[in-house]
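Q: Quick one: the structure is below, questions incoming.
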Amino acid sequence: MDEVGEGLLLLEDAFISISKGKRFFGGEVIGFMDICLGSFLVILKAREKLNGENILDKSKTPSLCKWANEFLADDTVKNVVPEIDRVVKFKREFN
Numbered sequence: 001m002d003e004v005g006e007g008l009l010l011l012e013d014a015f016i017s018i019s020k021g022k023r024f025f026g027g028e029v030i031g032f033m034d035i036c037l038g039s040f041l042v043i044l045k046a047r048e049k050l051n052g053e054n055i056l057d058k059s060k061t062p063s064l065c066k067w068a069n070e071f072l073a074d075d076t077v078k079n080v081v082p083e084i085d086r087v088v089k090f091k092r093e094f095n
């Protein structure tokens with residue numbers, strides 16, 4: 001997990017630098033980088049629930065956490081990304 005934490009700190013810095021205070025990496029609308037990184041969020045959030053982990057830690061990566069919440073709350077994203085609880089249920093049933 002240390003390597004993941006270090007990587008998330010790098011992403012935090014990158015987000016702050018690239019977004020320039022906007023909601024997403026590309027500004028106020030979801031762009032390519034948001035989609036690439038956002039595609040991992042459901043798996044990451046499901047793992048947090050399954051293992052009781054706090055991978056995206058608001059105290060260490062507040063901007064990245066805010067971005068993740070904004071991304072997952074977007075109506076377009078909600079229509080194409082599976083719900084985290086469904087992924088958790090699937091993992092528990094087929095593990």
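Be aware that the sequence shown starts at 1, since it is given in UniProt numbering, and climbs by one per residue.
Glycine included, every Cβ here is placed at the ideal spot set by N, Cα and C.
Could you give the first and the last residue of the continuous alpha helix (DSSP H) run that contains R47?
A: Start at 1 with the first residue of the sequence shown, and residue 47 comes out as number 47. R47 -> alpha helix (DSSP H) spans L41 to N51.
Q: DSSP state of L27, grouped into three classes?
A: Here residue 27 refers to the residue found at position 27 when the sequence shown is read from its first residue. Correcting the residue type first, residue 27 is Gly in the shown sequence and not Leu. G27 falls in the strand class under three-state DSSP.
Q: If you count every other CB in all the chains shown that lies within 10 Å of the CB of L64, and 16 or more means buried, which is it?
A: By one-based count along the sequence shown, residue 64 stands at place 64. Burial call: buried.
Q: Should the region 71-82 be regarded as contacting the region 19-37, the criterion being three or more beta carbon pairs within less than 8 Å?
A: The region 71-82 vs the region 19-37: in contact.
Q: Check for me: the alpha helix (DSSP H) holding I84 runs from which residue to which?
A: Counting from 1 along the sequence shown, the entry for residue 84 is found at position 84. Unbroken alpha helix (DSSP H) run through I84: I84 to E93.
Q: What does the alpha-carbon distance come out to for the pair F90 and P62?
A: Here residue 90 corresponds to residue number 90 of the sequence shown, with the count starting at 1. Here residue 62 corresponds to residue number 62 of the sequence shown, with the count starting at 1. Approximately 29 Å, taken between the alpha carbons.
Q: Can you tell me which of the three DSSP states T76 falls into?
A: In the sequence shown, the residue the question calls residue 76 occupies position 76. Of the three classes helix, strand and coil, the one that applies to T76 here is helix, per DSSP.
Q: Starting from L11 and walking both ways along the alpha helix (DSSP H), at which residues does that stretch end?
A: Mapped onto the sequence shown, residue 11 falls at position 11. Start and end: D2 to S19.
Q: What is the rounded straight-line gap between the Cα of N95 and the Cα of V88?
A: Counting from one through the sequence shown, the residue named residue 95 turns up at place 95. Counting from one through the sequence shown, the residue named residue 88 turns up at place 88. Straight-line Cα distance between these residues: approximately 10 Å.
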